[in-house]
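Using our numbering, you'd call the opening residue of the sequence shown number 1391 and step up by one each time. Notes for the one structure printed next.
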Amino acid sequence: NALFLVVLGAGIVGAIFLLAPGIEWMLINQPVLIWSFFFGLVLASIVIVSTRIRRWSASRFIALFLGTAVAYWVVGLVPVQTPDTWWFLMLSGAIAICAMILPGISGSFIMVLLGKYHFFINAINERDFASLAFAAVGAAIGLVTFAQVLSWLFRRYHDITVATLAGFMIGSLREIWP
């Protein structure tokens, strides 16, 4: 598992540094196009994740509905401005990595919801390693903690967990509608 995590981490870091300038340019110059692209990715992910539910039942539909409602509500509450303090950068890293290990949920999108996507794109492009280090520490803590929680949820409540995650994705579409 350690080798897998090293390779995965290297791929994530490499992609971040390679794609950040292009994504920043797209967000500034072609926002409708990039948000449409993100919307399509999330929509396709919803379909793929939903197919992992082994058996649909009333409880699964309730979980899907509740996940949708919670995400829809949360994305409406997220402030446009969030602090650039060390603790919030760590929290952002922890939350974003949790999203990255979930099937079909974008860590980048979570950064958008937290108001930190542009901040971290700028930090990458300007080589602000202090800010990136705080996010990396938060991500490491989040990865270790959330992987165990998610593993337990999948073992005990697989279909309800997947339905809830699909609901989160449906509700999050509110924020990225171009």
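Built from N, CA and C at the ideal position, the CB exists for glycine as well. Owing to the predicted nature of the structure, the values given are computational and were not obtained by experimental measurement.
Less than 8 Å separating the beta-carbons of Gly1483 and Ala1525? Cβ distance < 8 Å, so Gly1483 and Ala1525 count as in contact.
Leu1433 and Thr1554 closer than 8 Å at C-beta: No, these two residues do not count as a Cβ contact at 8 Å.
Report all residues from its chain with a CB closer than 7 Å to the CB of Met1501; omit the five preceding and five following residues, and keep chain order. Same-chain partners within the cutoff: Ser1482, Ala1486, Tyr1507, Phe1510.
Could you pull out every residue in the same chain whose Cβ sits closer than 6 Å to the Cβ of Cys1488, ignoring the five residues on either side in sequence? Residues of the same chain with a CB within less than 6 Å of the CB of Cys1488, apart from the 5 flanking positions on each side, are Gly1532, Phe1536 in chain order.
Endpoints, the alpha helix (DSSP H) within which Trp1425 is located: The continuous alpha helix (DSSP H) containing Trp1425 extends over residues 1421-1440.
Residue span of the alpha helix (DSSP H) that contains Arg1546, given as start and end: Run containing Arg1546: 1519-1566, per the alpha helix (DSSP H) assignment.
Beta-carbon proximity check, Val1460 vs Gly1561, cutoff 8 Å: In this structure, Gly1561 lies closer than 8 Å to Val1460 by Cβ.
Alpha helix (DSSP H) containing Asn1391: first to last residue? The continuous stretches of alpha helix (DSSP H) do not include Asn1391, and DSSP gives it neither H nor E.
Does DSSP classify Leu1417 as helix, strand or coil? Here Leu1417 sits in helix by DSSP.
Does the stretch 1437-1449 touch the stretch 1538-1555, meaning 3 or more C-beta pairs lie closer than 8 Å? Yes, the stretch 1538-1555 is in contact with the stretch 1437-1449.
Flag Leu1417 as yes when its Cβ comes closer than 7 Å to any non-hydrogen atom of the ligand ATP, and as no otherwise. This structure simply doesn't include the ligand ATP, nor any ligand for that matter.
Rounded to the nearest angstrom, what separates Gly1430 and Trp1476 at their Cα positions? So the two alpha carbons sit approximately 33 Å from each other.
Gly1505 versus Leu1467, Asn1515, Leu1563, residue with shortest Cα-Cα distance: Looking at the Cα atoms, Leu1467 is the closest of the given residues.
Where Thr1458 falls: helix, strand or coil (DSSP): In the structure shown, Thr1458 sits in a helix (DSSP, three-state: H, G or I).
Flag this pair as yes or no: are the beta carbons of Phe1428 and Ile1514 separated by less than 8 Å? For Phe1428 and Ile1514, no; Cβs fall outside 8 Å.
Exposed unless 16 or more other CB atoms sit within 10 angstroms - verdict on Ala1499: Reading the sequence as shown, one finds Phe at residue 1499 and not Ala. Classification of Phe1499: buried, given that the 10 Å Cβ count is 16 or more.
Kindly give me the distance between the Cβ atoms of Ser1521 and Leu1563, rounded to whole angstroms, as I take these residues to be in contact under 8 Å. In fact, because the Cβ distance is near 29 Å, the residues do not count as touching under 8 Å.
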